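Structure record follows, encoded as structure tokens.
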Amino acid sequence: SQTIHQWPATLVQPVGSPLSLECTVEGTSNPNLYWYRQAAGRGLQLLFYSIGIDQISSEVPQNLSASRPQDRQFILSSKKLLLSDSGFYLCAWSVRGLTSYEQYFGPGTRLTVT
Amino acid sequence: KQEVTQIPAALSVPEGENLVLNCSFTDSAIYNLQWFRQDPGKGLTSLLLIQSSQREQTSGRLNASLDKSSGRSTLYIAASQPGDSATYLCALDSWGKLQFGAGTQVVVTP
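Those sequence lines, one after another, are chains A and F.
Just so we're aligned, residue 35 is where the first sequence starts under the numbering used here, counting upward by one.
Just so we're aligned, residue 145 is where the second sequence starts under the numbering used here, counting upward by one.
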């Protein structure tokens, strides 16, 4: 069966510090991978999606970047965090079935920028 | 641009009542629609996926309908239980990219 891991589970970082969040998927090959952010009082927003190694699309201009060095690894980074980067970050994966792209989510990382 | 609205934003019902959660969207050119559940501080759990060619999906006490012509989906939860307390999110899929509603926070009281 497929599983998705995210770490760390929680993170408190000062403004201006770097960020690296990691997501890995097990039990599937060639997944589409996604990073979402859920800010306080706001809905889920798609940040990045990737259809393959080094193939990444950004959905929203921001202070963050994403990389996919391996097929089942997706990394979210920032060189200098802003207060507005605080939120709940969720990684998701999907594989195209016969007719659909059902998405499955990881447990999330709670980021607080102080 | 697709806009997804969920009404009501919050709902409180006594145990045993049926729950009706609504999701409306502005662009009917969707690939599928997913309903998710989110417990506080946790990730999302997929409940049901309705493909654009389907009108409904059922899983246990859950039933979701889709009416593309009117831009609506409804999630029904029969005979609610306290364990059903969570936030329910609908999401529209346009070729693998999900657009989420803000969610309906549900509390089922014993």
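From the three backbone atoms N, C-alpha and C, an ideal C-beta is built for every residue, glycine too.
Keep in mind the model is a prediction, meaning the values are calculated, not measured.
Sort out for me which residues DSSP pairs N66/A with in a bridge.
Per DSSP, S128/A.
Neighbouring residues, chain A, relative to A246/F (Cβ below 8 Å)
Under the 8 Å cutoff, chain A gives R76, G77.
Secondary structure of S118/A, DSSP reduced to three states:
Here S118/A sits in helix by DSSP.
What are the boundary residues of the beta strand (DSSP E) that Q107/A is part of?
Looking at the DSSP string, the run of the beta strand (DSSP E) that includes Q107/A is 107-112.
Among G204/F, F169/F, A230/F, which residue has its Cα nearest to the Cα of S238/F?
Looking at the Cα atoms, F169/F is the closest of the given residues.
Pop quiz: S128/A and P65/A are said to be a contact at Cβ under 8 Å. What is the actual Cβ separation, rounded to whole angstroms?
The Cβ separation is near 6 Å, so the contact holds.
Within the same chain, show all residues whose beta-carbon is closer than 6 Å to that of Q249/F, passing over the 5 residues directly before and after it, in chain order.
The beta carbon of Q249/F lies closer than 6 Å to those of A154, T231 in the same chain, with the five residues before and after it left out.
Output, in sequence order along the chain, the residues in the segment 62-94 of chain A whose CB is closer than 7 Å to any CB in chain F.
Per Cβ criterion, the list reads N66, G77, L78, L80, Y83.
What residue does the beta strand (DSSP E) around I194/F start on, and which one ends it?
Looking at the DSSP string, the run of the beta strand (DSSP E) that includes I194/F is 188-195.
Do you know offhand how far V148/F's Cα is from L242/F's?
In this structure, the straight-line span from the alpha carbon of V148/F to that of L242/F is close to 11 Å.
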